[in-house]
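K.L.:
Dropping the structure in here first, questions after.
2 protein chains.
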Amino acid sequence: MMPSPAQLAALDAADPLGAARARFRLPPGLVYLDGNSLGPLPAALPASLAHTLAHEWGSGLIRSWNDAGWIDLPVTLGAAIAPIVGAEAGAVVACDSVSLNLFKLASAALAMRPGRRTVLMEADDFPTDAYVMQGLCQLAGVTLKRAARADLVAALDDDTALLLLSHAHYVTGQVHDMATMNAAAHAAGALTLWDLSHAAGALVVALDADGADFAVGCGYKYLNGGPGAPAFAYLARRHWDSAQPALTGWMGHARPFDFAADYAPAAGARRLLTGTPPILAMRALEAGVATFAGIDMAAAEAKSRQLVQLFAAGAAHLPGVTVDSLPAGRPFERRAAHCIIRHPAARRVMIALIARGVVGDMRPPDAMRFGFPALTTRFADVGLALAALHAVLASGEWQDDCFTPKGVVS
Amino acid sequence: MMPSPAQLAALDAADPLGAARARFRLPPGLVYLDGNSLGPLPAALPASLAHTLAHEWGSGLIRSWNDAGWIDLPVTLGAAIAPIVGAEAGAVVACDSVSLNLFKLASAALAMRPGRRTVLMEADDFPTDAYVMQGLCQLAGVTLKRAARADLVAALDDDTALLLLSHAHYVTGQVHDMATMNAAAHAAGALTLWDLSHAAGALVVALDADGADFAVGCGYKYLNGGPGAPAFAYLARRHWDSAQPALTGWMGHARPFDFAADYAPAAGARRLLTGTPPILAMRALEAGVATFAGIDMAAAEAKSRQLVQLFAAGAAHLPGVTVDSLPAGRPFERRAAHCIIRHPAARRVMIALIARGVVGDMRPPDAMRFGFPALTTRFADVGLALAALHAVLASGEWQDDCFTPKGVVS
Numbered sequence: 002m003m004p005s006p007a008q009l010a011a012l013d014a015a016d017p018l019g020a021a022r023a024r025f026r027l028p029p030g031l032v033y034l035d036g037n038s039l040g041p042l043p044a045a046l047p048a049s050l051a052h053t054l055a056h057e058w059g060s061g062l063i064r065s066w067n068d069a070g071w072i073d074l075p076v077t078l079g080a081a082i083a084p085i086v087g088a089e090a091g092a093v094v095a096c097d098s099v100s101l102n103l104f105k106l107a108s109a110a111l112a113m114r115p116g117r118r119t120v121l122m123e124a125d126d127f128p129t130d131a132y133v134m135q136g137l138c139q140l141a142g143v144t145l146k147r148a149a150r151a152d153l154v155a156a157l158d159d160d161t162a163l164l165l166l167s168h169a170h171y172v173t174g175q176v177h178d179m180a181t182m183n184a185a186a187h188a189a190g191a192l193t194l195w196d197l198s199h200a201a202g203a204l205v206v207a208l209d210a211d212g213a214d215f216a217v218g219c220g221y222k223y224l225n226g227g228p229g230a231p232a233f234a235y236l237a238r239r240h241w242d243s244a245q246p247a248l249t250g251w252m253g254h255a256r257p258f259d260f261a262a263d264y265a266p267a268a269g270a271r272r273l274l275t276g277t278p279p280i281l282a283m284r285a286l287e288a289g290v291a292t293f294a295g296i297d298m299a300a301a302e303a304k305s306r307q308l309v310q311l312f313a314a315g316a317a318h319l320p321g322v323t324v325d326s327l328p329a330g331r332p333f334e335r336r337a338a339h340c341i342i343r344h345p346a347a348r349r350v351m352i353a354l355i356a357r358g359v360v361g362d363m364r365p366p367d368a369m370r371f372g373f374p375a376l377t378t379r380f381a382d383v384g385l386a387l388a389a390l391h392a393v394l395a396s397g398e399w400q401d402d403c404f405t406p407k408g409v410v411s
Numbered sequence: 002m003m004p005s006p007a008q009l010a011a012l013d014a015a016d017p018l019g020a021a022r023a024r025f026r027l028p029p030g031l032v033y034l035d036g037n038s039l040g041p042l043p044a045a046l047p048a049s050l051a052h053t054l055a056h057e058w059g060s061g062l063i064r065s066w067n068d069a070g071w072i073d074l075p076v077t078l079g080a081a082i083a084p085i086v087g088a089e090a091g092a093v094v095a096c097d098s099v100s101l102n103l104f105k106l107a108s109a110a111l112a113m114r115p116g117r118r119t120v121l122m123e124a125d126d127f128p129t130d131a132y133v134m135q136g137l138c139q140l141a142g143v144t145l146k147r148a149a150r151a152d153l154v155a156a157l158d159d160d161t162a163l164l165l166l167s168h169a170h171y172v173t174g175q176v177h178d179m180a181t182m183n184a185a186a187h188a189a190g191a192l193t194l195w196d197l198s199h200a201a202g203a204l205v206v207a208l209d210a211d212g213a214d215f216a217v218g219c220g221y222k223y224l225n226g227g228p229g230a231p232a233f234a235y236l237a238r239r240h241w242d243s244a245q246p247a248l249t250g251w252m253g254h255a256r257p258f259d260f261a262a263d264y265a266p267a268a269g270a271r272r273l274l275t276g277t278p279p280i281l282a283m284r285a286l287e288a289g290v291a292t293f294a295g296i297d298m299a300a301a302e303a304k305s306r307q308l309v310q311l312f313a314a315g316a317a318h319l320p321g322v323t324v325d326s327l328p329a330g331r332p333f334e335r336r337a338a339h340c341i342i343r344h345p346a347a348r349r350v351m352i353a354l355i356a357r358g359v360v361g362d363m364r365p366p367d368a369m370r371f372g373f374p375a376l377t378t379r380f381a382d383v384g385l386a387l388a389a390l391h392a393v394l395a396s397g398e399w400q401d402d403c404f405t406p407k408g409v410v411s
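Order-wise, the sequence lines are chains A and Y.
The numbering of the first sequence is the working numbering, which starts it at 2 and goes up by one.
The numbering of the second sequence is the working numbering, which starts it at 2 and goes up by one.
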């Protein structure tokens, strides 16, 4: 069922989160539904980054490591991210990439469970997570085991050192109950590592309350930190003295300016740091995280859910389309802030959509993915996207053999 | 012997590299001798980064991964760095940090020498390099052996998988003969990994010609890429098909957009990539590397050497000062583009110097370090720095017990 423009306009008018869109610079006329892959530009960033360039780097030069607080940015930025993912301030640091942080925390888990030789992950989870685990497992002589979602708990055993899960699945949007899975892993004596890439800034996440051990998350999706922004890493307080990642570096040293010959980990989550932090990228992430000021994540999740439901309901009746997210007629299920619809020519349809100013992305072979971040998406966008999708499918333009796809990337 | 202002002015007037200073924005009145720790702001960057923000990120959004060439930046930027370090274009990628690239390449070396269980490095090399190797060796069950500079060749044996060396030492500025050390390592059946942090952009480096296997280098020192800029990594052509680092990620996959379940390394140096590249930081590094356009590295090394020699000769006669670099009365020795002088109160003296507008850094316990990058340093700076140093030492202000040091960081 297509929502009417009037219905959508009324929802926008009543939306308490609607004002947050002014915190961004979005191109006029574009319906941007790919904030789940790259969040838009925070409006405050161009001026603040120009200041960082001219004054902090240009004039302050090396002195800015102290005077502008560069040296503490991984920690101060981590403290700003922490409430968005339900963590105490000292448990989160901003650093490196999701891939590298996964490696760090998984290597720490292996060292904390020395008798156990298996890492368990979900069979069709984000491929990079598997690549990282393959590299680690090969180096450490450990087995990587993959189990289907329904078989994960049964696959936990007394050889499992670590259970690695995505909180929200990058394609289906399915959400694991974090507390339940943590409890299951802990009952088996294993530790848990959560990939929050498609959850942080989109859903309510409660790392501390739900008993997570480790987590990583992405800076450039819902957190709006810019292309390839630094990621973040979480270390539960009970592991602050015991976790020791195999990836080290001077920023994670207890006394980085002593230039001591041997490594000694810093206290707390700071030990997750490795090399020198990329300050320009950190300042951009800082501006992205600042767009969450005053935002209640429960309200954000509820708004995104409503957007996804409206879009899914409208798309379900289009020719050739299968809606994967929030299937009708089933009990309530928590889902991510993105919606997957499937079409045999997903790639060509998405390219035609982008040409019409509606930007989503696609995942092979047949999934089109549309993201509905609460801070930047209008209810009106749902109507515009559905209308464009209808027009593309009805026109048949995606069937044209002369249609040359340009890459669709994320 | 103090050089005279007239002598220095004549050297500046005749300096063919003197015009390169206009490629940077340097604060007026400051004598900045810490480009070996953080290079200055390229003059072109503020405008180009504003464009990246407004147009590539702000308007292009996710489409810029293709349209603005973001996806290939690690490779295109690597190709721009390659000639500065004597490498063919395809052998270098820009990515991650020095620490993480060290881990990647050392893990690849261990896998390529499976019967060998030792990594050898120099005893007093940069501490982070040791920290990274300690983390790797512990995970892989390998021994880290450290030998004094003079004992390195003798310490190579049939258990050595990898020899890790800094081309230019971060304190003493001593330079290893790369061809000699590569030959010695290869004769023992070991591979070599070079840390170029204090060499790339300062000295003539000839990775290909000298037979290096692997190398890493820093983006934020002589390459002027900005605070915490991405680093680079080098993989010799003969290892393009055989090196497989333990740190992986989707950017290093042979087909990153297939979302395949299992890791398969990309061809060539691209396999050194891990997670999504930080585009804003990469653009800044691109501007930094561009400051080397048309620069002959032999001329740059020769100019820095002359600057160091003038400074060392002038400092040698100051009260309480010992000059460590380029000691007089010894045969010619190749040295880095920085100069170390020692004083029992190095920290306080350096802080007093900075207060007078002469910026170097210090390394515990007693070393003051001054960098003389050829692109940004004037011969006149040598005179100004020596005069300030003389004034500080003569005034005795660094002896005042009420003098409160602020941290000096690099």
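All residues carry an ideal CB built from backbone N, CA and C; glycine is no exception.
#1: Are A/A104 and A/A247 closer than 9 Å when you measure CB to CB?
#2: Would you say the beta carbon of A/G79 is closer than 8 Å to some non-hydrogen atom of the ligand ADP?
#3: Report the neighbours of Y/S108 on chain A: residues whose CB is nearer than 9 Å to its CB, in chain order.
#4: Going by other Cβ atoms of all chains shown within 10 Å of its Cβ, with 16 needed for buried, is A/S38 buried or exposed?
#5: Once the 5 residues before and after Y/E287 are set aside, which same chain residues still bring their CB inside 6 Å of it?
#6: Where do the N-terminal and C-terminal ends of the alpha helix (DSSP H) with Y/E57 fall, by residue?
#7: Does the Cβ-Cβ distance between A/F380 and A/A10 come in under 9 Å?
#8: Is there a Cβ from chain A that is less than 9 Å from the Cβ of Y/Y182?
#9: If you follow the beta strand (DSSP E) that Y/W195 is part of, which residue opens it and which one closes it?
#10: Could you tell me which residues DSSP pairs with Y/G218 in its beta bridges?
#11: What did DSSP end up calling Y/S396 once you bin it into helix, strand or coil?
#12: Under a three-way DSSP split, which group does Y/M283 fall into?
#13: Under three-state DSSP, which class holds Y/A368?
#14: So which residues on chain Y does A/G70 lean against when the C-beta distance must stay under 9 Å?
#15: Under a three-way DSSP split, which group does Y/P257 fall into?
#16: Could you give the distance in angstroms between the alpha-carbon of Y/C219 and the alpha-carbon of A/H168?
#17: Starting from the beta carbon of Y/F104, find every residue of chain A whose beta carbon is closer than 7 Å, and list them in chain order.
#18: In three-state DSSP terms, what is A/S424?
#19: Go to A/M1, then tell me how far its beta strand (DSSP E) extends in each direction, as first and last residue.
#20: Cβ closer than 9 Å: which chain A residues qualify as neighbours of Y/G227?
#21: Check whether the Cβ atoms of A/D325 and A/L34 lie closer than 9 Å to each other.
#22: At least one CB of chain A closer than 9 Å to the CB of Y/A264: is that the case?
#23: How would you write the range of the alpha helix (DSSP H) that Y/L101 sits in, first residue to last?
#24: For my contact list, A/A191 and A/T161 are in at a C-beta cut-off of 8 Å; report their separation, rounded to the angstrom.
#25: Since A/D180 and A/D211 are thought to touch, with beta carbons under 8 Å apart, how far apart are those beta carbons, to the nearest angstrom?
#26: Near Y/P17, what residues of its chain come up, given a Cβ to Cβ distance below 8 Å and the 5 sequence neighbours on each side ignored?
#27: Return the residues of the region 179 to 206 of chain A that lie within a Cβ-Cβ distance of less than 9 Å from chain Y, sorted by chain order.
#28: A/Y132 by DSSP, collapsed to three states: which one?
#29: If contact means a Cβ-Cβ distance below 8 Å, which residues of the region 340 to 373 of chain Y contact chain A?
#30: Our contact map puts Y/A1 next to Y/M283 with C-beta atoms below 8 Å; I'd like the distance itself, whole angstroms only.
#31: For Y/Q8, name the three-state secondary structure that DSSP assigns.
#32: Pull up the distance between the alpha-carbon of A/A346 and that of A/L385, whole angstroms please.
#33: Using the beta-carbon of each residue, which ones in chain A are nearer than 7 Å to Y/A51?
#34: Excluding the five sequence neighbours on either side, which residues of its own chain have a C-beta within less than 8 Å of the C-beta of A/A21, listed in chain order?
#35: Please list the partners that Y/F233 has in chain A, where partner means a Cβ-to-Cβ separation under 7 Å.
#36: In terms of alpha-carbon separation, which member of Y/F233, Y/T275 and Y/V309 lies closest to Y/K222?
P.N.:
Result, derived from the coordinates:
#1: Numbered from its first residue, the first sequence carries residue 104 of chain A at position 103. Numbered from its first residue, the first sequence carries residue 247 of chain A at position 246. The residue you asked about is not Ala; residue 104 of chain A is Phe in the sequence shown. Taking 9 Å as the Cβ cut-off, A/F104 and A/A247 qualify as a contacting pair.
#2: Summarising the ligand content, the structure contains no ligands, and the ligand ADP is consequently not present.
#3: For the purposes of this step, residue 108 of chain Y is identified with residue 107 of the second sequence, where counting begins at 1. The contacting residues are G136 and L140.
#4: Counted from its first residue, the first sequence places residue 38 of chain A at position 37. Buried, because 16 or more other Cβ atoms sit within 10 Å of the Cβ of A/S38.
#5: By one-based count along the second sequence, residue 287 of chain Y stands at place 286. Hits under 6 Å: L78.
#6: Your numbering for residue 57 of chain Y matches position 56 in the second sequence. Where Y/E57 is concerned, there is no enclosing alpha helix (DSSP H), given that its DSSP letter is neither H nor E.
#7: Numbered from its first residue, the first sequence carries residue 380 of chain A at position 379. Numbered from its first residue, the first sequence carries residue 10 of chain A at position 9. Pairing A/F380 with A/A10 gives a Cβ-Cβ distance under 9 Å.
#8: The residue labelled residue 182 of chain Y in the question sits at position 181 within the second sequence. According to the sequence provided, residue 182 of chain Y is Met. The question's Tyr does not apply to it. Not an interface residue.
#9: On the second sequence, residue 195 of chain Y is found 194 positions in, with the first residue counted as 1. Unbroken beta strand (DSSP E) run through Y/W195: L192 to D196.
#10: Taking the second sequence and counting its residues from 1, one reaches residue 218 of chain Y at position 217. In DSSP, Y/G218 forms a bridge with Y/F233.
#11: On the second sequence, residue 396 of chain Y is found 395 positions in, with the first residue counted as 1. Looking at Y/S396 - three-state DSSP - the assignment turns out to be helix.
#12: In the second sequence, the residue the question calls residue 283 of chain Y occupies position 282. Helix, per DSSP.
#13: For this step, residue 368 of chain Y is matched to residue 367 along the second sequence. The answer is strand: DSSP assigns Y/A368 an E or B state.
#14: Against the first sequence, residue 70 of chain A aligns to sequence position 69. Here the premise fails: no neighbours, minimum Cβ distance about 11 Å.
#15: On the second sequence, position 256 is the one that residue 257 of chain Y refers to. In this structure, Y/P257 counts as helix in the three-state DSSP scheme.
#16: Translated into the one-based positions of the second sequence, residue 219 of chain Y becomes position 218. Translated into the one-based positions of the first sequence, residue 168 of chain A becomes position 167. Distance between the alpha carbons of Y/C219 and A/H168 is about 35 Å.
#17: The residue labelled residue 104 of chain Y in the question sits at position 103 within the second sequence. Neighbours of Y/F104 on chain A, chain order: L248.
#18: Nothing can be reported for residue 424 of chain A, as the shown portion of chain A is limited to 2 through 411.
#19: An answer regarding residue 1 of chain A cannot be provided, because it is not within the stretch 2 to 411 covered by chain A.
#20: Start at 1 with the first residue of the second sequence, and residue 227 of chain Y comes out as number 226. The answer, in chain order, is L54, W58, P279, I280 and L281.
#21: As a first step, residue 325 of chain A must be located in the first sequence, where it is residue number 324. As a first step, residue 34 of chain A must be located in the first sequence, where it is residue number 33. The answer is no: Cβ separation not under 9 Å.
#22: The residue you call residue 264 of chain Y lines up with position 263 of the second sequence. Sequence inspection shows Tyr at residue 264 of chain Y; the Ala mentioned does not correspond to that position. Taking Cβ atoms only, chain A reaches closer than 9 Å to Y/Y264, which makes this a yes.
#23: Taking the first residue of the second sequence as position 1, residue 101 of chain Y is located at position 100. Note, Y/L101: alpha helix (DSSP H), V99 to M113.
#24: In the first sequence, the residue the question calls residue 191 of chain A occupies position 190. In the first sequence, the residue the question calls residue 161 of chain A occupies position 160. Yes, A/A191 and A/T161 are in contact; Cβ-Cβ is about 4 Å, under 8 Å.
#25: On the first sequence, residue 180 of chain A is found 179 positions in, with the first residue counted as 1. On the first sequence, residue 211 of chain A is found 210 positions in, with the first residue counted as 1. It is Ala, not Asp, that sits at residue 180 of chain A in the sequence shown. Taking a contact as a CB-CB distance under 8 Å, the pair A/A180 and A/D211 counts as one, their CB atoms being some 4 Å apart.
#26: Stepping through the second sequence from its first residue, residue 17 of chain Y is reached at position 16. Same-chain partners within the cutoff: A300.
#27: None of the residues of the region 179 to 206 of chain A has a beta carbon lying less than 9 Å from any beta carbon of chain Y.
#28: The residue you call residue 132 of chain A lines up with position 131 of the first sequence. Correct three-state label for A/Y132: helix.
#29: I355, V360, D362, R364 and P365
#30: The structure shown has nothing for residue 1 of chain Y, since chain Y only spans 2 to 411.
#31: Taking the second sequence and counting its residues from 1, the one referred to as residue 8 of chain Y is at position 7. Here Y/Q8 sits in helix by DSSP.
#32: Within the first sequence, the letter at position 345 stands for residue 346 of chain A. Within the first sequence, the letter at position 384 stands for residue 385 of chain A. The alpha-carbon atoms of A/A346 and A/L385 are separated by roughly 21 Å.
#33: Position 50 of the second sequence, counting from 1, holds the residue named residue 51 of chain Y. The contacting residues are P47 and A51.
#34: Position 20 of the first sequence, counted from the start, is the residue given in the question as residue 21 of chain A. Only T292, I296, A375, L376 and T377 meet the Cβ criterion.
#35: Taking the first residue of the second sequence as 1, we reach residue 233 of chain Y at position 232. By Cβ distance, chain A contributes nothing, its closest Cβ being about 13 Å from Y/F233, past 7 Å.
#36: As a first step, residue 222 of chain Y must be located in the second sequence, where it is residue number 221. Checked all of Y/F233, Y/T275 and Y/V309; the closest Cα to Y/K222 is Y/F233.
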